[in-house]
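Once you know that position 98 of the sequence shown is 98 in the UniProt record's numbering, the rest is easy, because the numbers rise by one and skip nothing.
Take a look at the structure below.
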Amino acid sequence: MTNLEREKHSVTGRRMNLLFLVIFISLAVLIFRLSFLQLSQGQDLLKTAENNRYITQSIPAPRGLIYDRNMNELVRNKPAFTITFQRLSDDVQNPLMLDATLYELFNMRPEELWDAMDPYGEKYSLGMARKVVKNATDKQVAYIREHADELPGFNVVVEPIRDYVDGNTASHVLGYLNSIPMDFWKDHKDEYQQTDMIGTAGVEKQYEDLLHGKDGTLKVEVNINYQPLKDKRTEDPVKGHDLVLTLDQHIQEASDKALAETVQTIHKSIPTVKEGAAIAMNPKTGEILAMSSYPSFDPNMWIEGMSDKKYQEYFAPAEKNRALTELYFPGSTVKMATVLIGMKEGAIKDPNASILDPGGIYLGDKEIRSWAPNLGYVNAYSALAKSSNVYMINTFKNLSGWRPGMDWSQLDSYYNNVMPGVLQKIMDYHKTMGLGEQTTGVDLPFENAGELSTDGTIFDWALASFGQNEKYNLMQLATYVSTIANNGKRMQPHVVKTIIDPDGKKTEIAPKEVEQIPFTQDQIKVVQKGMYDVTHASYGTFNMFANYNPVIAGKSGTAETGRGTENSLFVGYAPYDDPQIAVAVIIPDNEANGHSSTTVGPVAKALFDAYFDKDKKPDDKKQEKTATSAN
Numbered sequence: 001m002t003n004l005e006r007e008k009h010s011v012t013g014r015r016m017n018l019l020f021l022v023i024f025i026s027l028a029v030l031i032f033r034l035s036f037l038q039l040s041q042g043q044d045l046l047k048t049a050e051n052n053r054y055i056t057q058s059i060p061a062p063r064g065l066i067y068d069r070n071m072n073e074l075v076r077n078k079p080a081f082t083i084t085f086q087r088l089s090d091d092v093q094n095p096l097m098l099d100a101t102l103y104e105l106f107n108m109r110p111e112e113l114w115d116a117m118d119p120y121g122e123k124y125s126l127g128m129a130r131k132v133v134k135n136a137t138d139k140q141v142a143y144i145r146e147h148a149d150e151l152p153g154f155n156v157v158v159e160p161i162r163d164y165v166d167g168n169t170a171s172h173v174l175g176y177l178n179s180i181p182m183d184f185w186k187d188h189k190d191e192y193q194q195t196d197m198i199g200t201a202g203v204e205k206q207y208e209d210l211l212h213g214k215d216g217t218l219k220v221e222v223n224i225n226y227q228p229l230k231d232k233r234t235e236d237p238v239k240g241h242d243l244v245l246t247l248d249q250h251i252q253e254a255s256d257k258a259l260a261e262t263v264q265t266i267h268k269s270i271p272t273v274k275e276g277a278a279i280a281m282n283p284k285t286g287e288i289l290a291m292s293s294y295p296s297f298d299p300n301m302w303i304e305g306m307s308d309k310k311y312q313e314y315f316a317p318a319e320k321n322r323a324l325t326e327l328y329f330p331g332s333t334v335k336m337a338t339v340l341i342g343m344k345e346g347a348i349k350d351p352n353a354s355i356l357d358p359g360g361i362y363l364g365d366k367e368i369r370s371w372a373p374n375l376g377y378v379n380a381y382s383a384l385a386k387s388s389n390v391y392m393i394n395t396f397k398n399l400s401g402w403r404p405g406m407d408w409s410q411l412d413s414y415y416n417n418v419m420p421g422v423l424q425k426i427m428d429y430h431k432t433m434g435l436g437e438q439t440t441g442v443d444l445p446f447e448n449a450g451e452l453s454t455d456g457t458i459f460d461w462a463l464a465s466f467g468q469n470e471k472y473n474l475m476q477l478a479t480y481v482s483t484i485a486n487n488g489k490r491m492q493p494h495v496v497k498t499i500i501d502p503d504g505k506k507t508e509i510a511p512k513e514v515e516q517i518p519f520t521q522d523q524i525k526v527v528q529k530g531m532y533d534v535t536h537a538s539y540g541t542f543n544m545f546a547n548y549n550p551v552i553a554g555k556s557g558t559a560e561t562g563r564g565t566e567n568s569l570f571v572g573y574a575p576y577d578d579p580q581i582a583v584a585v586i587i588p589d590n591e592a593n594g595h596s597s598t599t600v601g602p603v604a605k606a607l608f609d610a611y612f613d614k615d616k617k618p619d620d621k622k623q624e625k626t627a628t629s630a631n
């Protein structure tokens, strides 16, 4: 080998050694890096891979059931198909061909469907299913399942939905569910999914925290194409609490039916009559036995979905619970309070003492007339029975310090200075009876507080003596008459009787006494007897109940609305000597004839009939008695 050849061979060897060194170092670095990743990030990478193979889904918890006081189901859950959509991967850009067939199948416009798939205009986390069609039909379900490959991300699940057993019955008490508001969801992300339904009115809203259960979770293993392979349950759902209401289904149905039929019948001849409300309650416990508002609605419509047109035509007029939200002039139904206050304050020194009611009274140059031209001599008892406005105004005059012989020109200034304080005192008394500028605190949402003006003229304060200067909701009037029936003991009105937790433990809601009104038993007996005369005396304004058994005591009322119409009212209770049920009924905007209160009679009678089983046939009663004996 020549020197040149030896030199070339040496250079080649050095180059090979250098190459092997570079390869060795590179392999060493690679091995070190892999070892580092395995040691330091192995768990994180494993967790990422795990997440990529599973999609987490929520298992809806069934809402609590709602029963009447006799354990008849009012609201239950039923299984239903729901079509959902979920984004499967960040790498999948939703290659969906949503053609006219799908829009027609779902009965949605294109923008409505896309909104349902992404209702808040933002990306959801992977695996969060959005409810596109609730309570889906068999046809819709079949299509989604048959075209699964063409519609990645769409799925069909079975979940419990609300079922309001008797449709319109007690709809304003029960309430309904609606989509969860975004603001509410942001504050309750740990408890709700963005696609949940939430109580929006009635008991469903008031007791949402109890009725709403705790959702479970489900991990679905998927393959590389995100097709589900198998489920892996990780947490079971916990159902919501059940509620037993104070309502009696039989009385409630009778109330709803009578109110609807009465309003509809009157409307045919008096178009202004379009609505009404009725309440029945136990005066000794405050338990609401029935609460009706007309027009009513079927809460199931919210579960099925409601178009804007359907909402405006059907639901909007019926949404208000007129027993709680609407304020009405109470008219003569408030006269028992006037008599009680008069006796308490010495304005009525002797309830048997009579004054003349010639059919009207002048205040300055204005005359306030009674509903009849000449009621004759009246005392505290007959003033209630005959519904004398003159007697009530005279009582308020005495409250303010009026004395015979005072000059009216001086009296006007005197009343303007004195009467605001007198009206405040009256308002304070009204509050003790459940009236006044307050709510009753019944466990239902959206109750509006009453109103009593302390402004105005002599004429205005005089109107307050017989229910034309104050406004109250019907729940207040029901509480007021219940308090009188219960010998002055005011009870807290409520609609929930028992709460049953998911384990079956029962919590009874005990009756709560709010206060004893500040009148003596003798004073209360005066107005009770006056109410008896209303329904039994030959001159009583509501003697349609004269022959009713058991004995009913009550007070009718007509209140001018200022629109050329009258509110028709009745409050009463039975039996007279041992009250078990108190009722309050109103039908607003009746014909202004001074006698419109008789139009509420059929509704009041239906409530009493249902409570005392007078609306049942003898065979029905016999069957119930036999069933009770057998148990």
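A virtual CB, placed ideally from N, CA and C, is assigned to each residue, including glycine.
Just so it is clear, the structure is predicted and the values come from calculations on it, not from any experiment.
At least 3 beta-carbon pairs within less than 8 angstroms: the region 170 to 182 vs the region 142 to 160: In short, these stretches do not touch, since the Cβ pair count stays below three.
Residues bridged to residue 652 [DSSP beta-bridge criterion]: The first residue shown for the chain is 1 and the last is 631, placing residue 652 beyond what the model contains.
Under the three-state reduction of DSSP, which class applies to residue 483: helix, strand or coil? Along the sequence shown, read from residue 1 onward, the residue named residue 483 stands at position 483. Secondary structure of residue 483 (DSSP, three-state): helix.
Which residues in the same chain as residue 498 place their Cβ atom closer than 6 angstroms to its Cβ, once the five residues preceding and following it in sequence are excluded? As a working mapping, residue 498 is identified with position 498 in the sequence shown. Sequence-distant Cβ neighbours of residue 498 in its own chain, meaning closer than 6 angstroms and more than five residues away, are 244, 506 and 508.
For residue 343, count neighbouring C-beta atoms within 10 Å of its own C-beta (all shown protein chains included) and say buried if the count is 16 or more, exposed if not. Counting from 1 along the sequence shown, the entry for residue 343 is found at position 343. Residue 343 comes out buried.
So, residue 539 versus residue 383, is the Cβ gap smaller than 8 angstroms? As a working note, residue 539 is residue 539 in the sequence shown. As a working note, residue 383 is residue 383 in the sequence shown. At the C-beta level, residue 539 and residue 383 stay beyond 8 angstroms of one another.
I need the straight-line Cα distance from residue 85 to residue 515, nearest angstrom please. On the sequence shown, position 85 is the one that residue 85 refers to. On the sequence shown, position 515 is the one that residue 515 refers to. Approximately 55 angstroms, taken between the alpha carbons.
Which one of 199, 190 and 169 has the shortest CA to CA distance from residue 180? In the sequence shown, the residue the question calls residue 180 occupies position 180. Of the listed residues, the one whose Cα sits closest to residue 180 is 199.
If you measure between the beta carbons of residue 238 and residue 61, is that distance less than 8 angstroms? Position 238 of the sequence shown holds residue 238. Position 61 of the sequence shown holds residue 61. Residue 238 is a Cβ neighbour of residue 61, given a cutoff of 8 angstroms.
Let me check understanding here. Comparing Cα to Cα, which of 480, 554 and 311 lies closest to residue 432? Taking the sequence shown and counting its residues from 1, the one referred to as residue 432 is at position 432. Just measuring C-alpha positions, the residue of 480, 554 and 311 sitting nearest residue 432 is 480.
Identity of the residues DSSP links to residue 634 by a beta bridge: Only positions 1 to 631 of the chain appear in the structure, and residue 634 is not among them; the question remains open.
Neighbour-count burial assignment, residue 377, 16 or more Cβ in a 10 Å radius: What you label residue 377 is simply residue 377 of the sequence shown in a count that begins at 1. Counting Cβ neighbours within 10 Å, residue 377 comes out exposed, since fewer than 16 surround it.
Under 6 angstroms Cβ to Cβ from residue 580, same chain only, skipping five residues before and after it: list those, please. Position 580 of the sequence shown, counted from the start, is the residue given in the question as residue 580. Hits under 6 angstroms: none found.
Keeping to the same chain, check which residues put their C-beta closer than 6 angstroms to that of residue 163; ignore five residues upstream and five downstream. Position 163 of the sequence shown, counted from the first residue, corresponds to residue 163. 76 and 78.
Enumerate in chain order the residues of its own chain whose CB-to-CB distance from residue 639 is below 6 angstroms, with the five nearest sequence positions on each side excluded. Absent from the structure is residue 639, since the part of the chain shown begins at 1 and ends at 631.
Simplified DSSP assignment, three categories, for residue 311: Taking the first residue of the sequence shown as 1, we reach residue 311 at position 311. Helix at residue 311.
Classification of residue 430 by the beta-carbon crowding that lies within 10 angstroms, buried from 16 upward: The residue you call residue 430 lines up with position 430 of the sequence shown. Flag for residue 430 reads buried.
Name the DSSP beta bridge partners of residue 570, please? The count along the sequence shown starts at 1 and reaches residue 570 at position 570. Beta-bridge partners of residue 570 (DSSP): 556 and 585.
Status (buried if at least 16 other CB within 10 Å, exposed otherwise) for residue 125: As a first step, residue 125 is located in the sequence shown; it is residue number 125 there, counting from the start. Reliability fails at residue 125, whose pLDDT of 49 lies under 50, so the model's placement of it is uncertain and the value that follows must be treated cautiously. Answer is exposed; the Cβ neighbour count stays below 16.
Among the candidates 70, 213, 141 and 72, whose CA atom is the shortest distance from the CA of residue 82? Indexing the sequence shown from 1 puts residue 82 at position 82. Selected option, being the one with the closest Cα: 141.
Thinking C-alpha only, which one of 565, 576, 138 and 442 is nearest residue 546? On the sequence shown, residue 546 is found 546 positions in, with the first residue counted as 1. For residue 546, the nearest C-alpha among the options comes from 576.
Please confirm if the region 600 to 610 is in contact with the region 248 to 258, defined as three or more CB-CB distances below 8 angstroms between the two stretches. The region 600 to 610 is in contact with the region 248 to 258.
Taking the CB atoms as reference points, tell me whether residue 375 and residue 527 lie closer together than 8 angstroms. Translated into the one-based positions of the sequence shown, residue 375 becomes position 375. Translated into the one-based positions of the sequence shown, residue 527 becomes position 527. Not closer than 8 angstroms, so no.
Express the C-alpha separation of residue 317 and residue 57 in angstroms, rounding to a whole number. Counting from one through the sequence shown, the residue named residue 57 turns up at place 57. Counting from one through the sequence shown, the residue named residue 317 turns up at place 317. If I take the Cα positions, the gap works out to 39 angstroms.
Would you report the Cα separation of residue 512 and residue 358, rounded to the nearest angstrom? For this step, residue 512 is matched to residue 512 along the sequence shown. For this step, residue 358 is matched to residue 358 along the sequence shown. Taking the straight line from one Cα to the other gives about 45 angstroms.
Going by C-alpha to C-alpha distance, which of 256, 273 and 207 sits closest to residue 564? If you number the sequence shown from 1, residue 564 lands on position 564. Nearest to residue 564 by alpha-carbon distance, out of 256, 273 and 207, is 273.
Could you check which residue in 348, 347, 395 and 346 has the C-alpha nearest to that of residue 361? The count along the sequence shown starts at 1 and reaches residue 361 at position 361. Of the candidates 348, 347, 395 and 346, the one whose C-alpha sits nearest the C-alpha of residue 361 is 395.
With H, G and I counted as helix, E and B as strand and the rest as coil, what does DSSP make of residue 369? For the purposes of this step, residue 369 is taken as the residue at position 369 of the sequence shown. DSSP, read as helix, strand or coil, puts residue 369 in strand.
Residue 525: which of 485, 363 and 518 sits nearest, CA to CA? As a working note, residue 525 is residue 525 in the sequence shown. That would be 485, whose Cα lies nearest to the Cα of residue 525.
Check this for me: beta carbons of residue 569 and residue 447, under 8 angstroms apart or not? Within the sequence shown, numbered from 1, the residue matching residue 569 stands at position 569. Within the sequence shown, numbered from 1, the residue matching residue 447 stands at position 447. No, they are not a contact pair.
Could you say which of 160, 425, 493 and 462 lies nearest to residue 439 if we only look at CA atoms? One-based indexing of the sequence shown puts residue 439 at position 439. With distances taken between CA atoms, residue 439 lies nearest to 493 out of 160, 425, 493 and 462.
Beta carbon of residue 470, beta carbon of residue 330: below 8 angstroms? Position 470 of the sequence shown holds residue 470. Position 330 of the sequence shown holds residue 330. It is a contact, given that the beta carbons lie within the stated cut-off.
Under 8 angstroms between the Cβ atoms of residue 632 and residue 553? A query on residue 632 cannot be resolved here, the shown segment of the chain reaching from 1 to 631 and no further.
Buried or exposed by the 16-neighbour rule on C-beta atoms within 10 Å, applied to residue 558: Reading the sequence shown from its first residue, position 558 is the one you call residue 558. Residue 558 comes out buried.
Please report the distance separating the alpha-carbon of residue 437 from that of residue 423. Numbered from 1 along the sequence shown, position 437 holds the residue referred to as residue 437. Numbered from 1 along the sequence shown, position 423 holds the residue referred to as residue 423. A direct Cα-to-Cα measurement between residue 437 and residue 423 gives close to 12 angstroms.
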